[in-house]
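Each residue of the first sequence is one higher than the one before, starting from 413 at the first, in this note's numbering. Backbone N, C-alpha and C define an ideal beta-carbon position, used for all residues, glycine too. Heads up, the thing below is written out as structure tokens.
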Amino acid sequence: MTADDRQPVRIRYAPSPTGPQHIGGIRTALFGWLFARRHGGQFILRIEDTDQKRSVPGSIEMIQDAFDWLGMDIDEGPRQGGPFGPYIQSQRLKLYQTWAHWLVEQGQAYKCFATAEELAQMREAGSGYDRRYRDLDPAAAKRLESQGQDYVIRFKMPLTGQTSGYDMIRGEVTFDNEQLQDTVLLKSDGFPTYHLAHIVDDHHMKISHITRAVEWLPSFPLHLKIWEALGWEKPHYAHLPVLLNPNGRGKLSKRKERFAAADGSSVPVFVHEFIDAGYLPAAVLNFLTNIGWNFGDDREIFSLSEAIERFNLTDVNPANSAYPIAKLHWLNSQYIQSADVDYLAGLLKPVLQGAGYAVDDARLRRVAPILQVRLKTLNDAIAMAGFFFDEWGCFAPPAAEILFQKKMDSHATRQVLEASIPVIESLADFSHERQYAAFKDLAKQIGYKNGQVFGTLRAAVTGQRVSPPTFETMEILGKAESIRRIKLACDSLQ
RNA sequence: GGCCCCUUCGUCUAGCGGCCUAGGAUGCCACCCUUUCAAGGUGGAGACACGGGUUCGAGUCCCGUAGGGGCUACCA
413 MTADDRQPVR
423 IRYAPSPTGP
433 QHIGGIRTAL
443 FGWLFARRHG
453 GQFILRIEDT
463 DQKRSVPGSI
473 EMIQDAFDWL
483 GMDIDEGPRQ
493 GGPFGPYIQS
503 QRLKLYQTWA
513 HWLVEQGQAY
523 KCFATAEELA
533 QMREAGSGYD
543 RRYRDLDPAA
553 AKRLESQGQD
563 YVIRFKMPLT
573 GQTSGYDMIR
583 GEVTFDNEQL
593 QDTVLLKSDG
603 FPTYHLAHIV
613 DDHHMKISHI
623 TRAVEWLPSF
633 PLHLKIWEAL
643 GWEKPHYAHL
653 PVLLNPNGRG
663 KLSKRKERFA
673 AADGSSVPVF
683 VHEFIDAGYL
693 PAAVLNFLTN
703 IGWNFGDDRE
713 IFSLSEAIER
723 FNLTDVNPAN
733 SAYPIAKLHW
743 LNSQYIQSAD
753 VDYLAGLLKP
763 VLQGAGYAVD
773 DARLRRVAPI
783 LQVRLKTLND
793 AIAMAGFFFD
803 EWGCFAPPAA
813 EILFQKKMDS
823 HATRQVLEAS
833 IPVIESLADF
843 SHERQYAAFK
853 DLAKQIGYKN
863 GQVFGTLRAA
873 VTGQRVSPPT
883 FETMEILGKA
893 ESIRRIKLAC
903 DSLQ
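Here is the structure:
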């Protein structure tokens, strides 16, 4: 069996609408998406809302938004429609019911009337469902049904023998049938379980390859048997490895027990958290693609379209991976560094505005380039460069501990500051190169080290100990504003 | 507990029997550059889980052990 003998390639991502999109789900979707694009196939979004209790309103929009932000286009789905809709399972109930009952008629499944209490008892006894209704006399079943007794439809799993299946990532996998249960296919509320629903849909939607997380591997034999019972041609299956917590222990957490990064901040796991934290979609995509798969040629940084050309599900590493979040920081900084300046400025604007700064586009366009090599995330711009956008009158001079440089006191600081003003005023050309030369001369002249003079200016003008280069900063701020801030600092020393 | 899957530097990975005294990246450390912070450059420490086989030869194949992950619902 090869990976490409089914054409066209049609892959679906089938999340449950249980809230915001988790990065683990996105990674699974991404690998499927990459494979579909590689083969010129279609990528379908299907919503699996068969568990009414877990459905969260608004989830579908969140899922769509996540894909939109990442730039992963969807060919068929709830929003884009398509020839095999509807793409929301709760709107396809009739289909599942029809096939579940068909299986009963064929003797491949049966109605089970076990009550919740009965089931609870069996569970306590320690050995799952004991198949007590599997061979129930048809007349007895009819009688129970006519009495209005609730029932579920269970699959008649072979009691003996083995079932083997081919997983594109791991190869042949074999299970003993006696280990498997008579799994519920249709619940008493008329909704199907995942086991039945995904098969019915994948068949009707002509899915060629089922890509899903490894936690589905144990039910792989069940699914194989259901395909056979239904008499449909099976698609290929690829069970993708999952993301583990950064310490390698347990599946990457969602809400509870969120893993904290080394600096104490919580690690982003929902797509909206990546957005909020200031990551670039291209960086997130690159980051995710590098886990469990690699580009080759020792290349770590590549575009999505480059990845598409090389991607293959059979190359995916079968092992689960600890979530290498530190690499995302690096990748993000690399993407920011090489980003187009206008694009970067466009991303920075809402971030700075969100922090309360009145952003001037022209100024931001000049600030962005000097920020590129210093930002890990977009949000870093707030602390690093917010001072550029302090409106007149808003800028507050720094406290003494920031203003005073090494071996300098109030007197020395004032001396440097006061001497700087005429230097700035004298400069016809206010480029940072000219400033550098002029202030180097000043330092020599008044007997201070370059670092002392430059540092004092930096603190006075930015209000920070750490900032973009002082002279480039003053060049952008302009003479008048630079002098104003220096005077402000002087006054604060009175 | 039972079943299934997985196992190379801290982490993400390359490796598909000889090219491996195991390569890259990240993180860490040092040095260089330097007006701060970065970026960049150079260098360093750092791994084939263990035990048996198979083979002229094993990180690469097989078995076992250990460790990790998952499943064991009228959740997906």
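Taking buried to mean at least 16 other C-beta atoms within 10 Å of its own C-beta, is Cys-902 buried or exposed? What you label residue 902 is simply residue 490 of the first sequence in a count that begins at 1. By the neighbour-count rule (16 or more Cβ atoms within 10 Å), Cys-902 is buried.
Assign Glu-536 to one of three DSSP states: helix, strand, or coil. For this step, residue 536 is matched to residue 124 along the first sequence. Glu-536: helix per DSSP, three-state reduction.
Using a threshold of 8 Å, state whether the C-beta atoms of Ile-836 and Ser-894 are closer than that. Here residue 836 refers to the residue found at position 424 when the first sequence is read from its first residue. Here residue 894 refers to the residue found at position 482 when the first sequence is read from its first residue. Result yes, Cβ atoms of Ile-836 and Ser-894 sit closer than 8 Å.
Between Leu-905 and Thr-789, is the Cβ-Cβ spacing less than 8 Å? In the first sequence, counting from the first residue as 1, residue 905 sits at position 493. In the first sequence, counting from the first residue as 1, residue 789 sits at position 377. Cβ distance not < 8 Å, so Leu-905 and Thr-789 don't count as in contact.
Best match in Ile-814, Thr-885 and Leu-900 for proximity to Arg-877 [C-alpha to C-alpha]: For the purposes of this step, residue 877 is identified with residue 465 of the first sequence, where counting begins at 1. Comparing Cα-Cα distances from Arg-877 to each of Ile-814, Thr-885 and Leu-900, the minimum goes to Ile-814.
Are Ala-650 and Met-569 closer than 8 Å when you measure CB to CB? Translated into the one-based positions of the first sequence, residue 650 becomes position 238. Translated into the one-based positions of the first sequence, residue 569 becomes position 157. It is not a contact, given that the beta carbons lie outside the stated cut-off.
Alpha carbon of Met-413 to alpha carbon of Lys-646, nearest angstrom: Stepping through the first sequence from its first residue, residue 413 is reached at position 1. Stepping through the first sequence from its first residue, residue 646 is reached at position 234. With a pLDDT of 41 at Met-413, under the threshold of 50, the modelled position of this residue cannot be trusted; read the value that follows with caution. One C-alpha to the other measures close to 12 Å.
Cβ atoms of Phe-443 and Val-728: under 8 Å apart, would you say? Counting from one through the first sequence, the residue named residue 728 turns up at place 316. Counting from one through the first sequence, the residue named residue 443 turns up at place 31. Yes. Within cutoff.
Lys-599 versus Leu-446 - alpha carbon distance: Here residue 599 corresponds to residue number 187 of the first sequence, with the count starting at 1. Here residue 446 corresponds to residue number 34 of the first sequence, with the count starting at 1. Each residue's Cα considered, the two are about 35 Å apart.
Hey, how far is the Cα of Tyr-545 from the Cα of Ala-719? Looking up residue 545 in the first sequence gives position 133. Looking up residue 719 in the first sequence gives position 307. Distance between the alpha carbons of Tyr-545 and Ala-719 is about 51 Å.
CB contact flag (Leu-829, Ile-888, <8 Å): On the first sequence, position 417 is the one that residue 829 refers to. On the first sequence, position 476 is the one that residue 888 refers to. Not a contact, by the Cβ cut-off of 8 Å.
According to DSSP, is Leu-457 helix, strand or coil? As a first step, residue 457 must be located in the first sequence, where it is residue number 45. If DSSP states are grouped into helix, strand and coil, Leu-457 belongs with the strands.
C-alpha gap between Glu-473 and Ser-620, whole angstroms: Here the question's residue 473 lines up with position 61 in the first sequence. Here the question's residue 620 lines up with position 208 in the first sequence. Whole-angstrom Cα-Cα distance: 26 Å.
Among Tyr-425, Pro-781, Thr-527 and Asn-732, nearest to Arg-661 - alpha-carbon criterion: As a first step, residue 661 is located in the first sequence; it is residue number 249 there, counting from the start. Closest by alpha carbon: Asn-732.
Who are the Cβ neighbours of Ile-435 in its own chain at under 6 Å, not counting the five residues just before and after it? In the first sequence, counting from the first residue as 1, residue 435 sits at position 23. So the list reads Val-681, once near-sequence residues are dropped.
From Ser-665 to Ile-748, what distance separates their C-alpha atoms? As a position in the first sequence, residue 665 is number 253, starting the count at 1. As a position in the first sequence, residue 748 is number 336, starting the count at 1. Those two C-alpha atoms are separated by around 28 Å.
For Gly-622, which beta-bridge partners are listed by DSSP? Working through the first sequence from its first residue, we reach residue 622 at position 210. Before going further, note that residue 622 is Ile rather than Gly in the sequence given. Tyr-649, per the DSSP bridge assignment.
Counting Cβ pairs, one atom from each stretch, are 3 or more of them under 8 Å apart for the stretch 784-803 and the stretch 839-852? no
Note the first and the last residue of the continuous beta strand (DSSP E) segment covering Glu-584. Here residue 584 refers to the residue found at position 172 when the first sequence is read from its first residue. Element bounds for Glu-584: 583-588.
Within this structure, are the beta carbons of His-615 and Leu-634 separated by less than 8 Å? In the first sequence, the residue the question calls residue 615 occupies position 203. In the first sequence, the residue the question calls residue 634 occupies position 222. No, these two residues do not count as a Cβ contact at 8 Å.
Val-564 lies in the beta strand (DSSP E); which residues open and close that run? As a position in the first sequence, residue 564 is number 152, starting the count at 1. Unbroken beta strand (DSSP E) run through Val-564: 564-567.
Inter-residue spacing [alpha-carbon to alpha-carbon] between Leu-515 and Ile-703: As a working mapping, residue 515 is identified with position 103 in the first sequence. As a working mapping, residue 703 is identified with position 291 in the first sequence. C-alpha separation (whole angstroms): 41 Å.
Would you report the Cα separation of Ala-532 and Asp-547, rounded to the nearest angstrom? Here residue 532 refers to the residue found at position 120 when the first sequence is read from its first residue. Here residue 547 refers to the residue found at position 135 when the first sequence is read from its first residue. Cα to Cα, Ala-532 sits roughly 21 Å from Asp-547.
Specify, as a first and last residue, the run of the beta strand (DSSP E) that Tyr-425 falls within. Here residue 425 refers to the residue found at position 13 of the first sequence. Looking at the DSSP string, the run of the beta strand (DSSP E) that includes Tyr-425 is 422-425.
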